[in-house]
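> Position 113 of the sequence shown, counted from 1, bears residue number 113 in my numbering, the numbering being contiguous throughout. What follows is a structure written as structure tokens; I'll ask about it next.
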Amino acid sequence: MDPRGDWDGVVAVIEQVVADDRLLAATVAGVRGSVREVAALTPGDMSAHTRALLLAATRAVAARRGPTEAELGFVQELGVTRALQGVPVEAVLSAIHVAERGIWAHVREIARAHGVGAERLLDMRELYEDWAEAVRGRLITAHRETLADRERSATARDTALLLRLLEGGSAASLAAAEAGLPAELWVVTARSGEPVDSAARWERDLRGPAPVLAAEVDGLFVAVLARSPAPDALPGPAGLAGPGQPEHVSKLRRLAASALAAAEAAGRTGVVHIAGLAALAAVVERDDLAGVLARHHAPARRALGANALPVARAVRTWFECDRDVARAAEALFVHPNTVRNRLQRFAEATGTDPYTPLGAVDAWWLCRTWLLAAE
């Protein structure tokens with residue numbers, strides 16, 4: 001004899017609940033009406049899974065045990081199925097909760113007819129909650145692992161297609177067709193920063209109605225898009241090139257990388273097209289000429305001594321503030337006359353006039369080179 005009392009009444013309640021087809025139909029209808037995300041599922045699909053869960057739960061309660069591995073295996077399959085159907089795990093749990101409420105309300109009604117009291121109902125509920133907790137854990141794990149596997153698979157596919165695009169020629173054309181990309185493409189490059197998940201994050205920022213291929217390539221985030229992104233699509237800085245045909249994506253990638261380097265040098269943020277920084281990109285990428293310029297003006301740097309870096313910083317900031325002395329002074333936290341004096345000292349030491357077009361290019365380039373060397 002069970003020390004807590006006879007369990008036969010509980011078993012009778014359970015058998016009646018399981019045999020009630022109208023309860024199952026009402027439960028499924030209630031779930032479909034309450035949880036929008038599962039309303040698109042067929043009634044047959046939902047009825048089959050609800051019946052299976054109900055049978056498993058009632059058997060466990062009747063036997064006063066937790067879930068078996070077979071029951072958990074079914075739950076795992078349910079989690080996988082719902083994930084592949086695109087039903088969020090929160091919606092699956094909400095559907096189960098709605099079904100539970102309806103079924104337990106019916107159980108309380110039947111229990112009175114069988115003489116099952118409140119204490120025994122509480123025992124039933126506690127047993128069920130223990131069973132349900134293990135079931136929910138397995139369901140959530142299966143659902144999340146399925147989505148993660150799916151995302152990894154999609155990422156691997158995107159990376160493979162992107163690498164084929166970068167090969168150029170007929171391989172690029174075929175890869176673009178396979179990815180659903182049009183004949184006119186754009187390429188964005190940016191610093192990834194966080195190698196594990198940055199590509200997915202950048203891709204989410206860029207994704208719109210048009211397809212996107214995105215992956216980490218040679219230490220940079222690279223995305224190929226079917227349309228030009230908005231300037232604020234990424235927090236940036238980011239380089240953009242295009243439009244161009246699929247077979248020219250490799251060239252577009254190089255131009256986008258040049259635009260990125262130029263944007264970083266100019267302190268620009270957001271998505272910057274190579275056409276907006278073409279001259280600067282050409283300068284920034286010529287390390288050999290930067291070295292020649294620095295060696296040529298080495299005597300001037302020595303003559304400036306300890307003031308070389310403050311002077312270089314003032315000149316570079318002045319250029320980056322569109323040659324506005326007041327803005328440059330504010331950025332440097334100095335008096336405007338200090339900026340003017342440093343511009344004059346630079347011109348005297350180097351013989352380069354920063355107020356002329358060509359002199360301005362050499363002055364900015366030389367000061368940037370000095371500052372980078374110091375860093």
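Using N, Cα and C, we set each Cβ at its ideal position, and we do this for glycine too. In this text, all values refer to a predicted model and were calculated from it rather than measured experimentally.
#1: Go through its chain and collect everything with a Cβ distance to A91's Cβ below 7 Å, but skip five positions before and after it.
#2: Note the first and the last residue of the continuous beta strand (DSSP E) segment covering G239.
#3: If you run the structure through DSSP and keep just helix, strand and coil, what is H273?
#4: E167 by DSSP, collapsed to three states: which one?
#5: Are there 16 or more other CB atoms within 10 angstroms of the CB of E348, so buried, or fewer, so exposed?
#6: Per the DSSP calculation, F221 is bridged to which residue(s)?
#7: So what does L185 bridge to, in DSSP terms?
#8: Helix, strand or coil for F74? Go by DSSP, reduced to three states.
#9: Taking the alpha-carbon positions, what's the E320 to V222 distance?
#10: With respect to the alpha helix (DSSP H) encompassing S250, which residues constitute its N-terminal and C-terminal limits?
#11: Helix, strand or coil for A230, going by three-state DSSP, please let me know.
#12: Report the rounded CA-to-CA distance for V361 versus I140, giving the unit in angstroms.
#13: Using the beta-carbon count (16 or more within 10 Å), is L322 buried or exposed?
#14: For V292, count neighbouring C-beta atoms within 10 Å of its own C-beta (all shown protein chains included) and say buried if the count is 16 or more, exposed if not.
#15: Under 9 Å between the Cβ atoms of G239 and V271?
#16: Which value, in whole angstroms, describes the spacing of the CA atoms of G351 and R301?
#17: Across the stretch 77 to 87 and the stretch 129 to 148, are there enough close Cβ pairs to call them in contact, namely three or more that are closer than 8 Å?
#18: Pull up the CB-CB distance for T42 and L24, whole angstroms please, since I reckon it's below 8 Å.
#19: Note down, in chain order, each residue of its chain lying with its Cβ closer than 6 Å to the Cβ of M46, except the 5 sequence neighbours on either side.
#20: What number of angstroms, rounded off, separates the C-alpha of R286 from the C-alpha of A279?
#21: Measuring only the C-alpha atoms, how far is A105 from G86?
#22: Taking the beta carbon of A226 as the centre, do at least 16 other beta carbons fall within 10 Å, making it buried, or is it exposed?
#23: Going by C-alpha distance, which of D123, S94, G117 and T269 is nearest R64?
#24: Can you tell me whether P229 is buried or exposed, with buried defined as 16 or more other CB within 10 angstroms of its CB?
#25: Express the C-alpha separation of D149 and V107 in angstroms, rounding to a whole number.
#26: If you draw a straight line from the alpha carbon of R157 to that of A294, how long is it in whole angstroms?
#27: What does a CB cutoff of less than 8 Å around L55 pick up in its chain, not counting 5 residues either side in sequence?
#28: Suppose the cutoff is 6 Å on Cβ atoms and the five residues either side in sequence are ignored; what does the same chain contact list for I14 look like?
#29: Taking the alpha-carbon of W370 as reference, which of R120, D20 and P299 has the nearest alpha-carbon?
#30: Identify whether L41 lies in helix, strand or coil by the three-state DSSP scheme.
#31: Please determine if the stretch 262 to 277 and the stretch 234 to 252 are in contact, where contact requires at least 3 C-beta pairs separated by less than 8 Å.
#32: Note the first and the last residue of the continuous alpha helix (DSSP H) segment covering F319.
#33: Should A373 go down as buried or exposed, given a rule of 16 or more other Cβ atoms within 10 Å for buried?
#34: Cutting at 8 Å between CB atoms, please list the residues of its own chain near M1, excluding the five before and the five after it.
#35: With a threshold of 16 other CB atoms inside 10 Å of the CB of A312, please say whether the residue is buried or exposed.
Taking the structure as given:
#1: Looking up residue 91 in the sequence shown gives position 91. Only V35, E37 and V38 meet the Cβ criterion.
#2: Position 239 of the sequence shown, counted from the first residue, corresponds to residue 239. A238 to G244 is the span of the beta strand (DSSP E), which, as asked, contains G239.
#3: Counted from its first residue, the sequence shown places residue 273 at position 273. Of the three classes helix, strand and coil, the one that applies to H273 here is strand, per DSSP.
#4: Counted from its first residue, the sequence shown places residue 167 at position 167. If DSSP states are grouped into helix, strand and coil, E167 belongs with the helices.
#5: Position 348 of the sequence shown holds residue 348. The residue in question, E348, is exposed, as its Cβ has fewer than 16 Cβ neighbours within 10 Å.
#6: What you label residue 221 is simply residue 221 of the sequence shown in a count that begins at 1. Answer is A190 and E216, bridged to F221.
#7: Within the sequence shown, numbered from 1, the residue matching residue 185 stands at position 185. Note: L185 sits in a beta bridge opposite G244.
#8: On the sequence shown, residue 74 is found 74 positions in, with the first residue counted as 1. F74 sits in a helix when the DSSP states are folded into three classes.
#9: Indexing the sequence shown from 1 puts residue 320 at position 320. Indexing the sequence shown from 1 puts residue 222 at position 222. Taking the straight line joining both Cα atoms gives about 27 Å.
#10: Locating residue 250 in the sequence shown gives position 250, where the first residue counts as 1. Counting along the chain, the alpha helix (DSSP H) containing S250 begins and ends at V249 to A266.
#11: Numbered from 1 along the sequence shown, position 230 holds the residue referred to as residue 230. Of the three classes helix, strand and coil, the one that applies to A230 here is coil, per DSSP.
#12: Translated into positions along the sequence shown, residue 361 becomes position 361. Translated into positions along the sequence shown, residue 140 becomes position 140. The straight-line gap from Cα to Cα measures roughly 59 Å.
#13: For the purposes of this step, residue 322 is taken as residue 322 along the sequence shown, with counting starting at 1. In the sequence on display, residue 322 carries Asp and not Leu. So D322 ends up on the exposed side.
#14: Here residue 292 is taken as the residue at index 292 of the sequence shown, counted from 1. By the neighbour-count rule (16 or more Cβ atoms within 10 Å), V292 is not buried but exposed.
#15: Within the sequence shown, numbered from 1, the residue matching residue 239 stands at position 239. Within the sequence shown, numbered from 1, the residue matching residue 271 stands at position 271. A contact, by the Cβ cut-off of 9 Å.
#16: Taking the sequence shown and counting its residues from 1, the one referred to as residue 351 is at position 351. Taking the sequence shown and counting its residues from 1, the one referred to as residue 301 is at position 301. About 12 Å.
#17: yes
#18: One-based indexing of the sequence shown puts residue 42 at position 42. One-based indexing of the sequence shown puts residue 24 at position 24. Wrong, their Cβ atoms sit about 15 Å apart, outside the cutoff.
#19: On the sequence shown, residue 46 is found 46 positions in, with the first residue counted as 1. Closer than 6 Å at the Cβ level, and outside the excluded window around M46, lie V28.
#20: For this step, residue 286 is matched to residue 286 along the sequence shown. For this step, residue 279 is matched to residue 279 along the sequence shown. Roughly 11 Å between the two C-alpha positions.
#21: Along the sequence shown, read from residue 1 onward, the residue named residue 105 stands at position 105. Along the sequence shown, read from residue 1 onward, the residue named residue 86 stands at position 86. Going by the C-alpha atoms only, they are around 30 Å apart.
#22: Your numbering for residue 226 matches position 226 in the sequence shown. That one is buried.
#23: Taking the sequence shown and counting its residues from 1, one reaches residue 64 at position 64. Ranking D123, S94, G117 and T269 by Cα distance to R64 puts D123 first.
#24: For the purposes of this step, residue 229 is identified with residue 229 of the sequence shown, where counting begins at 1. Buried is the call here.
#25: Taking the first residue of the sequence shown as position 1, residue 107 is located at position 107. Taking the first residue of the sequence shown as position 1, residue 149 is located at position 149. Their Cα atoms are separated by approximately 39 Å.
#26: In the sequence shown, the residue the question calls residue 157 occupies position 157. In the sequence shown, the residue the question calls residue 294 occupies position 294. When rounded, the distance between both Cα atoms is 46 Å.
#27: The sequence position of residue 55 within the sequence shown is 55, counting from 1. V18, listed in sequence order.
#28: The residue given as residue 14 occupies position 14 in the sequence shown. Contacts found: T58 and A62.
#29: Locating residue 370 in the sequence shown gives position 370, where the first residue counts as 1. Selected option, being the one with the closest Cα: P299.
#30: Reading the sequence shown from its first residue, position 41 is the one you call residue 41. Note: L41 maps to coil in three-state DSSP.
#31: yes
#32: The residue you call residue 319 lines up with position 319 of the sequence shown. Segment A308 to E320, the alpha helix (DSSP H) holding F319.
#33: Within the sequence shown, residue 373 is the residue found at index 373, counting from 1. Its Cβ having fewer than 16 others within 10 Å, A373 is exposed.
#34: The residue you call residue 1 lines up with position 1 of the sequence shown. In this prediction, M1 has a pLDDT of 35, which is less than 50 and means its spatial position is unreliable; what the coordinates show is noted afterwards. Contacts found: none.
#35: Here the question's residue 312 lines up with position 312 in the sequence shown. Counting the other CB atoms within 10 Å of its CB gives A312 a total of 16 or more, which places it among the buried residues.
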